[in-house]
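Data block below; observations after.
2 protein chains.
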Amino acid sequence: EISPLTLSRLPLYLRCLRQLQEKGTTHVSSSQLAQQFELSASLIRKDLAQFGEFGIRGTGYRVDELVDRLNGLLGLDRIHKMAVVGMGSLGSALARYLSVNDRPFKIVAAFDVDGGRVGSKLGHLIVHHSREIPEVIPETGARIAVLAVPASAAQKCYEDLTDSGIEAVLNFAPIRLKRNPAVRTKSVDFQIYLEELAYFLRS
Amino acid sequence: EISPLTLSRLPLYLRCLRQLQEKGTTHVSSSQLAQQFELSASLIRKDLAQFGEFGIRGTGYRVDELVDRLNGLLGLDRIHKMAVVGMGSLGSALARYLSVNDRPFKIVAAFDVDGGRVGSKLGHLIVHHSREIPEVIPETGARIAVLAVPASAAQKCYEDLTDSGIEAVLNFAPIRLKRNPAVRTKSVDFQIYLEELAYFLRS
Ligand SMILES: NC(=O)c1ccc[n+]([C@@H]2O[C@H](COP(=O)([O-])OP(=O)(O)OC[C@H]3O[C@@H](n4cnc5c(N)ncnc54)[C@H](O)[C@@H]3O)[C@@H](O)[C@H]2O)c1
Ligand SMILES: NC(=O)c1ccc[n+]([C@@H]2O[C@H](COP(=O)([O-])OP(=O)(O)OC[C@H]3O[C@@H](n4cnc5c(N)ncnc54)[C@H](O)[C@@H]3O)[C@@H](O)[C@H]2O)c1
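Here the protein sequences come in this chain order: A and B.
Quick note: the first sequence, position 85, residue 85 per this note's numbering, numbers continuous.
Quick note: the second sequence, position 7, residue 7 per this note's numbering, numbers continuous.
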């Protein structure tokens, strides 16, 4: 069991390691990673040690091994079937973004309620009406969903999704969802990054 | 000087505290905040102690005071003028999202290169062509910019922006920017949240 703080850092380490892998780098030290992330080298070593990854003094960590290990840990060595609900500006930007490359996230269903969007194509997929969530979700085997609908529609969509088998939800609607305890739910708000940047504009 | 890890948590604490404030809650303990964030109460206390905020045993922290303090620290008691570059799906979704409510982030300039978007309206603003960045940025006093252009355009836009006075950039393009050391630059990739959620689908 990985602590939530460590877990939230793992995808970031993985990102960095994949970039090193692309450049052909075979080894990396905790202090090199630390520079990358403005984290302390000892924190990174503690994070990685949580699942038995120990760098060798003088050599560091083997990049390929660490990538494979983190991919396995995060379950990214498998394809995860996803649904996108709300195919407006944000939903379609997210859908396009995820359908690039060999990502582990494969969109298998998309939903909207707007007549202009329902029935339109997203790659090989057709956008369904949200009333079809109870049938389409089990049919496609989607386990993870992205919620990009207006705040007023979010709670109902969330409930329909989780009732039909969705086990994890990434929510973008600016509303505090009444959460289903059996479902892993995460809300994202980009403004948080702006607030972090604003700190550096204080002068 | 706040450590980067603490800094990245402050906007989250602020979010939670504002919600408590809306509900009329006057006090909160570190353990109540800890439950909210899956963080340890002692970590939260250490974070807040970094700027002299100490809860009172048995009473906790005063919510109003802490909101004001964090707003001040993060510079959110002021308006921050922003530019959005790239008014496609993502850029316009972000622009709309930020123009709601009394947010401390005020979009004062928007740019694109597409004939169908340049000249169109965003609230009171007109979308400029990106070639006007060198004039419009200093004119409007924008200090922070959101980059929502394709990867191929990102580096050039980043350089034009930072050359014309932008001091902080939030980048969404899937590219590793060659960074200007004088500019605070943050890249966002929402796939990171999906990877974090995927961990919970391992079974
Ligand atoms: N978290 C963030 O940082 C962030 C950033 C931008 C936007 N947002 C939020 O994301 C949401 C979408 O933003 P947008 O700019 O794409 O808005 P939009 O209006 O362009 O898109 C919303 C879409 O949802 C559809 N919809 C409405 N009810 C639905 C339902 N019951 N089922 C399925 N689809 C439904 C609409 O028809 C529309 O296509 C909004 O809630 C917005 O506030 C959040
Ligand atoms: N980081 C993430 O999580 C995430 C999520 C979704 C999309 N994205 C990325 O965000 C970017 C925008 O995505 P989108 O779906 O809105 O794409 P889009 O094609 O709808 O929008 C891109 C816009 O940028 C404009 N543009 C191109 N060159 C420009 C320039 N030099 N100056 C100003 N504008 C310019 C285009 O005319 C277009 O309007 C892409 O790079 C995409 O990969 C990132």
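Beta carbons: idealized from backbone N, C-alpha and C, even for Gly.
Requested in this report: Report yes if the CB atom of Ala83 of chain A is closer than 8 Å to the CB atom of Ala145 of chain A, and no otherwise.
Outcome: Within the first sequence, residue 83 of chain A is the residue found at index 83, counting from 1. Within the first sequence, residue 145 of chain A is the residue found at index 145, counting from 1. Yes; because the gap between Cβ atoms is below 8 Å, this pair is in contact.
**Report entry** Close-in-space but distant-in-sequence residues of the same chain around Arg18 of chain B (CB under 8 Å, 5 per side omitted)
**Finding:** As a working mapping, residue 18 of chain B is identified with position 18 in the second sequence. Hits under 8 Å: Val67.
Query raised in the report: Using a Cβ-Cβ distance under 8 Å, would Pro138 of chain B count as near chain A?
Result: As a position in the second sequence, residue 138 of chain B is number 138, starting the count at 1. Closer than 8 Å to the CB of Pro138 of chain B there is not a single CB belonging to chain A.
Report task. Would you mind stating whether Ala154 of chain A and Asn180 of chain A have Cβ atoms separated by less than 8 Å? Result -> For the purposes of this step, residue 154 of chain A is taken as residue 154 along the first sequence, with counting starting at 1. For the purposes of this step, residue 180 of chain A is taken as residue 180 along the first sequence, with counting starting at 1. No.
**Report entry** Spatial distance of Gly55 of chain B from Arg9 of chain B (CA atoms)
**Finding:** Looking up residue 55 of chain B in the second sequence gives position 55. Looking up residue 9 of chain B in the second sequence gives position 9. Their Cα atoms are separated by approximately 18 Å.
Query raised in the report: Using a Cβ-Cβ distance under 8 Å, would Glu53 of chain B count as near chain A?
Result: Taking the second sequence and counting its residues from 1, the one referred to as residue 53 of chain B is at position 53. Not one beta carbon of chain A lies nearer than 8 Å to the beta carbon of Glu53 of chain B.
Query raised in the report: Would you say Ser89 of chain B and Ala173 of chain A are within 8 Å of each other, going by their C-beta atoms?
Result: Against the second sequence, residue 89 of chain B aligns to sequence position 89. Against the first sequence, residue 173 of chain A aligns to sequence position 173. Going by C-beta atoms, Ser89 of chain B is not nearer than 8 Å to Ala173 of chain A.
**Report entry** Delimiting residues of the beta strand (DSSP E) encompassing Lys46 of chain A
**Finding:** Looking up residue 46 of chain A in the first sequence gives position 46. Counting along the chain, Lys46 of chain A falls outside any beta strand (DSSP E), though it belongs to the alpha helix (DSSP H) covering Ala41 to Ala49.
Query raised in the report: Anyone know if the C-beta pair for Arg69 of chain A and His27 of chain A falls short of 8 Å?
Result: Residue 69 of chain A sits at position 69 when you count from the first residue of the first sequence. Residue 27 of chain A sits at position 27 when you count from the first residue of the first sequence. Contact: no.
Report task. Indicate whether at least one CB of chain B lies closer than 8 Å to the CB of Gly75 of chain A. Result -> As a first step, residue 75 of chain A is located in the first sequence; it is residue number 75 there, counting from the start. Residue contact check for Gly75 of chain A against chain B: a CB pair falls below 8 Å.
Query raised in the report: Looking only at its own chain, which residues have a Cβ that is under 7 Å from the Cβ of Cys157 of chain B, when we skip the five neighbours before and after it?
Result: Within the second sequence, residue 157 of chain B is the residue found at index 157, counting from 1. Cβ within range, chain order: Val85, Ser130, Leu147 and Val149.
**Report entry** Helix, strand or coil at Leu74 of chain A [DSSP, three-state]
**Finding:** Numbered from its first residue, the first sequence carries residue 74 of chain A at position 74. Looking at Leu74 of chain A - three-state DSSP - the assignment turns out to be coil, as it is neither helix nor strand.
Query - Helix, strand or coil at Gly91 of chain B according to DSSP, with G and I counted as helix - result: In the second sequence, the residue the question calls residue 91 of chain B occupies position 91. If DSSP states are grouped into helix, strand and coil, Gly91 of chain B belongs with the helices.
Requested in this report: Excluding the 5 residues preceding and the 5 following Gly91 of chain B in the sequence, name in chain order all residues of the same chain whose CB lies nearer than 6 Å to its CB.
Outcome: For the purposes of this step, residue 91 of chain B is identified with residue 91 of the second sequence, where counting begins at 1. For Gly91 of chain B, where only same-chain residues beyond five positions count, the Cβ hits under 6 Å are Val84 and Ala148.
Query raised in the report: CB of Glu94 of chain B to nearest heavy atom of ligand 1: below 7 Å?
Result: Along the second sequence, read from residue 1 onward, the residue named residue 94 of chain B stands at position 94. Note on residue identity: the sequence assigns Leu, not Glu, to residue 94 of chain B. Look at Leu94 of chain B: its beta carbon is less than 7 Å from one of the heavy atoms in ligand 1.
Query - Against chain A: residues of the stretch 163-181 of chain B by CB proximity under 9 Å - result: Residues of the stretch 163-181 of chain B with a C-beta less than 9 Å from any C-beta of chain A: Glu167, Ala168, Val169, Leu170, Phe172, Pro174 and Arg176, listed in chain order.
Report task. Report yes or no: is there a C-beta of chain B within less than 8 Å of the C-beta of Pro150 of chain A? Result -> Here the question's residue 150 of chain A lines up with position 150 in the first sequence. With respect to chain B, the C-beta atom of Pro150 of chain A has no partner C-beta closer than 8 Å.
Requested in this report: Would you list the residues sitting across from Leu84 of chain B in a DSSP beta bridge?
Outcome: By one-based count along the second sequence, residue 84 of chain B stands at place 84. The question names Leu, but residue 84 of chain B is Val in the sequence shown. DSSP lists B:Ala110 and B:Val146 as partners of Val84 of chain B.
Query raised in the report: For Arg202 of chain A, which three-state DSSP category applies?
Result: As a working note, residue 202 of chain A is residue 202 in the first sequence. In this structure, Arg202 of chain A counts as coil in the three-state DSSP scheme.
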